[in-house]
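Numbering (the working numbering), first residue to last: 1 to 291.
Virtual Cβ for every residue (Gly too), placed ideally from N, Cα, C.
The model shown is predicted, which means the values in this text are computed figures rather than measured ones.
Beneath this line is the structure, given in structure tokens, with notes to follow.
Shown next, in the form of structure tokens:
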């Protein structure tokens with residue numbers, strides 16, 4: 001079967017990577033600024049976006065247009081036998097549930113397979129890679145959907161945010177996490193395992209916060225993933241507008257953990273809307289076991 005993968009443009013693949021992969025496609029997630037709709041790298045760039053964010057403009061996001069999703073699927077089904085659609089976690093966006101409803105249409109039944117594996121950037125990128133590898137191995141779309149959803153929980157993300165202002169605004173933190181913010185110089189550390197971001201720790205200052213993130217991954221390696229080799233795992237780092245700081249942090253984390261294959265990606269503007277500037281994250285996920 002000819003099978004392709006569709007995700008949304010919050011997933012940090014570059015245009016060059018998408019072109020090289022060949023059977024990966026994206027749908028656009030709107031960013032609304034003062035009532036006007038923008039799309040990342042089409043009608044707004046990162047520099048402009050973060051200036052608008054710093055200016056306290058009214059910024060929010062919406063799910064991809066149902067019309068655009070169906071149009072993309074219809075076009076792809078003229079070239080492929082099946083579509084694997086992997087959107088953001090249903091715990092953080094309604095996009096997944098909306099896509100599942102659209103896939104119930106008779107023209108998509110048995111052809112479009114929507115996977116809810118409860119992931120966001122950066123572990124969502126790992127899921128996309130898994131799906132693409134499963135296609136190469138010759139798995140059916142039903143098998144791919146099952147594996148991707150079953151492997152979804154095998155991931156952890158720890159993130160330091162500069163402020164909880166943006167997460168509170170979007171209602172994307174638990175009440176426990178919301179209590180972490182507010183004090184001067186406090187860096188809230190949050191964790192995510194598929195649902196809303198939840199409280200992990202709070203520390204004073206970025207230096208201590210970076211150590212907490214590294215120690216959290218070290219603990220994961222010594223407990224949850226103790227039976228895995230580094231080749232069984234994806235390691236990722238992410239940031240918002242602070243790429244140079246993130247590069248320095250990845251070097252620090254690599255040396256502390258003895259891991260030289262952290263992949264660093266800036267978070268999409270869509271996710272940055274809810275995280276805010278100055279964020280750093282480390283993530284780990286297990287590669288899909290298809291054997």
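Using 8 Å as the threshold, is the C-beta distance between residue 311 and residue 270 below it? In the structure as shown, the chain starts at 1 and stops at 291, and residue 311 therefore has no counterpart that could be examined.
For a test of the three-state rule: what should DSSP assign to residue 155, helix, strand or coil? The answer is strand: DSSP assigns residue 155 an E or B state.
Beta-carbon separation (whole angstroms), residue 276 vs residue 163, contact threshold 8 Å: With a Cβ gap of about 6 Å, residue 276 and residue 163 count as contacting.
Return helix, strand or coil for residue 85, following the three-state DSSP convention. The answer is strand: DSSP assigns residue 85 an E or B state.
Using C-beta distances below 8 Å, list every residue in its chain close to residue 208, excluding the 5 sequence neighbours before and after it, in chain order. Result list for residue 208: 187, in chain order.
Count Cβ pairs between the region 103-115 and the region 78-86 that sit closer than 8 Å; are there 3 or more? Yes: at least three Cβ pairs fall under 8 Å.
Can you tell me whether DSSP reads residue 265 as helix, strand or coil? Strand at residue 265.
Does DSSP classify residue 59 as helix, strand or coil? Looking at residue 59 - three-state DSSP - the assignment turns out to be strand.
Contacts around residue 39, its chain only, beta-carbon distance under 6 Å, and the 5 residues preceding and following it disregarded: Scanning its chain for C-beta atoms nearer than 6 Å, with the 5 sequence neighbours on each side dropped, one finds around residue 39 the residues 28, in chain order.
Got a sec? Which residues, its chain only, sit under 8 Å from residue 90 by beta carbon, not counting five neighbours each side? If the five residues before and after residue 90 are omitted, its C-beta is found closer than 8 Å to the C-beta atoms of 96, 97, 116, 118, all from its own chain and listed in chain order.
If you check the beta carbons only, do residue 126 and residue 285 fall under 8 Å apart? Between residue 126 and residue 285, the gap from beta carbon to beta carbon is short of 8 Å.
In whole angstroms, what separates the C-alpha of residue 61 from that of residue 268? Going by the C-alpha atoms only, they are around 12 Å apart.
By how many angstroms is the C-alpha of residue 79 removed from the C-alpha of residue 190? If I take the Cα positions, the gap works out to 42 Å.
Segments assigned beta strand (DSSP E), at least 3 residues, entirely inside the region 81-132: Restricting attention to beta strand (DSSP E) runs no shorter than 3 residues, the region 81-132 encloses them at 82-85, 112-114, ordered along the chain.
Rounded to whole angstroms, what's the CA-CA distance from residue 291 to residue 136? Just pull it up for me. Because residue 291 carries a pLDDT of 44, less than 50, the predicted location of this residue cannot be relied on, and no value is offered for it.
Between the alpha carbons of residue 288 and residue 100, how many angstroms are there, rounded? Approximately 22 Å, taken between the alpha carbons.
For a test of the three-state rule: what should DSSP assign to residue 25, helix, strand or coil? It is a strand residue.
Does DSSP classify residue 186 as helix, strand or coil? In this structure, residue 186 counts as strand in the three-state DSSP scheme.
Coil, strand or helix - residue 273 by DSSP: The three-state secondary structure of residue 273, taken from DSSP, is helix.
Rounded to a whole number of angstroms, what is the C-alpha to C-alpha distance between residue 251 and residue 76? Spanning the two alpha carbons is a distance of roughly 40 Å.
Taking only runs of the beta strand (DSSP E) that begin and end inside the region 204-268, which ones reach a length of at least 3 residues, in chain order? List check, beta strand (DSSP E) in window: 233-239, 263-266.
Please report the Cβ distance between residue 238 and residue 151, rounded to the nearest whole angstrom; I am assuming they are in contact, meaning their Cβ atoms lie under 8 Å. That belief does not hold up - the Cβ atoms of residue 238 and residue 151 are roughly 20 Å apart, past 8 Å.
Cut-off 8 Å between Cβ atoms - residues of its own chain near residue 232, not counting five sequence neighbours on either side: Hits under 8 Å: 225, 286, 287.
Between the alpha carbons of residue 211 and residue 283, how many angstroms are there, rounded? Cα to Cα, the separation comes out at about 14 Å.
Contacting residues, own chain, Cβ-Cβ under 6 Å from residue 278 (five flanking each side not counted): Within the same chain, residue 278 has close Cβ partners 162, 242.
Please report the straight-line C-alpha distance between residue 82 and residue 156, rounded to a whole angstrom. Spanning the two alpha carbons is a distance of roughly 30 Å.
Distance CB(residue 262)-CB(residue 253) smaller than 8 Å: Against a cut-off of 8 Å, the Cβ pair of residue 253 and residue 262 comes out as a contact.
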